[in-house]
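Read the structure below first, then the notes.
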Amino acid sequence: GKVKDAPAFIAFIGNMDDPFVQEEVGYTGEGIILEATALGLNTCWVAGFFRPKIVASLIEVSNKERVLAITPVGYAREFESWEEKLMTGFGRSHNRLALSKLVRGLPREKWPDWVNICLEAARLAPSAVNRQPWSFDVQDDSITVFVRTRGLGFNVSKRLDCGIAMLHLEVAAVDSGCKGEWEFLPSPQVAKFKIRS
Numbered sequence: 167g168k169v170k171d172a173p174a175f176i177a178f179i180g181n182m183d184d185p186f187v188q189e190e191v192g193y194t195g196e197g198i199i200l201e202a203t204a205l206g207l208n209t210c211w212v213a214g215f216f217r218p219k220i221v222a223s224l225i226e227v228s229n230k231e232r233v234l235a236i237t238p239v240g241y242a243r244e245f246e247s248w249e250e251k252l253m254t255g256f257g258r259s260h261n262r263l264a265l266s267k268l269v270r271g272l273p274r275e276k277w278p279d280w281v282n283i284c285l286e287a288a289r290l291a292p293s294a295v296n297r298q299p300w301s302f303d304v305q306d307d308s309i310t311v312f313v314r315t316r317g318l319g320f321n322v323s324k325r326l327d328c329g330i331a332m333l334h335l336e337v338a339a340v341d342s343g344c345k346g347e348w349e350f351l352p353s354p355q356v357a358k359f360k361i362r363s
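In terms of this note's numbering, the sequence shown has 209 at position 43, counting the first letter as 1, and numbering is strictly consecutive.
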């Protein structure tokens with residue numbers, strides 16, 4: 167889409183020395199976006215189609231840091247222009263892959279209830295052009311997130327998108343009464359959410 171006249175923005179900045187910077191920024195950034203949305207503000211991820219150098223010139227960024235994405239913050243107009251309606255169609259938000267194409271590990275009939283709820287929440291999480299670059303491995307007490315395909319694509323890290331899905335998975339787990347913690351993992355894995363006993 168296209169953002170015009172937003173009164174403010176939030177920059178998502180990562181320390182590029184951190185090997186898990188992309189997924190951490192995705193996870194934390196989505197938490198900020200969900201909180202702003204809960205407050206009635208309009209937001210959206212903008213990662214591939216903004217000018218990081220211009221944003222960096224407006225804020226203080228160290229040599230080790232990089233602006234990975236931004237979100238405009240404000241109130242959307244009541245009516246969308248024809249251009250906005252057209253761009254929304256390109257996002258294909260209604261075309262999401264089924265869990266059967268994204269999950270391996272335990273057969274679905276053996277999943278605890280919390281797993282189904284968590285995976286559905288992660289499946290519906292936003293990603294660059296709704297590409298869903300994640301897959302999941304389900305075990306009795308854990309869900310591991312993997313990058314399904316490699317590379318950037320749309321100039322946005324797939325690991326950043328996986329971080330967004332991680333937050334949705336964890337929020338659904340907490341809502342289901344399950345608490346756990348994340349362990350970051352090397353590529354092609356992203357992280358494992360393990361339920362605390």
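Think of the CB as a built atom: it goes at the ideal place given N, C-alpha and C, for glycine as much as any other residue.
Pair within 8 Å by beta-carbon distance, residue i and residue j
i: Ala177; j: Ile225; result: yes
i: Ile361; j: Gly346; result: yes
i: Ala291; j: His334; result: yes
i: Thr203; j: Thr209; result: yes
i: Val313; j: Ser353; result: yes
i: Asp306; j: Leu272; result: yes
i: Asp183; j: Lys230; result: yes
Residues of its chain near residue i, where Cβ-Cβ distance is below 7 Å and the 5 sequence neighbours each way are ignored
i: Phe175; result: Ile236, Thr237, Pro238, Val239
i: Val311; result: Trp300, Phe302, Cys328, Ala331, Met332, Val356, Ala357
i: Ile283; result: Ala338, Ser342
i: Pro185; result: none
i: Phe216; result: Ile236
i: Val227; result: Ile179, Val233
Residues near residue i by beta carbon distance below 8 Å, same chain, minus five either side
i: Leu207; result: Val239, Gly240, Tyr241
i: Val187; result: Gly180, Asn181, Leu234
Residue i to residue j span [Cα, whole Å]
i: Ala265; j: Gly214; result: It is worth fixing the name first, because residue 265 is Leu in this sequence and not Ala. If you take the alpha carbons of Leu265 and Gly214, they lie about 26 Å apart.
i: Asn296; j: Ser363; result: 34 Å
i: Glu189; j: Glu196; result: 11 Å
i: Val212; j: Thr315; result: 21 Å
Member of the options whose CA lies at the smallest distance from the CA of residue i
i: Trp348; options: Leu326, Glu201, Glu196, Ser308; result: Ser308
i: Val191; options: Asn229, Cys284, Arg325; result: Arg325
i: Arg262; options: Leu285, Lys276, Pro278, Trp280; result: Leu285
i: Val269; options: Arg243, Glu244, Gln298; result: Gln298
i: Asp279; options: Arg217, Ala172, Val340, Pro185; result: Val340
i: Trp277; options: Ala172, Val304, Val227; result: Val304
i: Arg289; options: Glu336, Pro173, Pro185; result: Glu336
i: Arg243; options: Pro173, Arg274, Cys344; result: Pro173
Neighbourhood of residue i by C-beta distance below 6 Å, restricted to the same chain and skipping five residues each side
i: Ala368; result: Given that the chain is displayed from residue 167 to residue 363, the structure contains no residue 368 and the question cannot be resolved.
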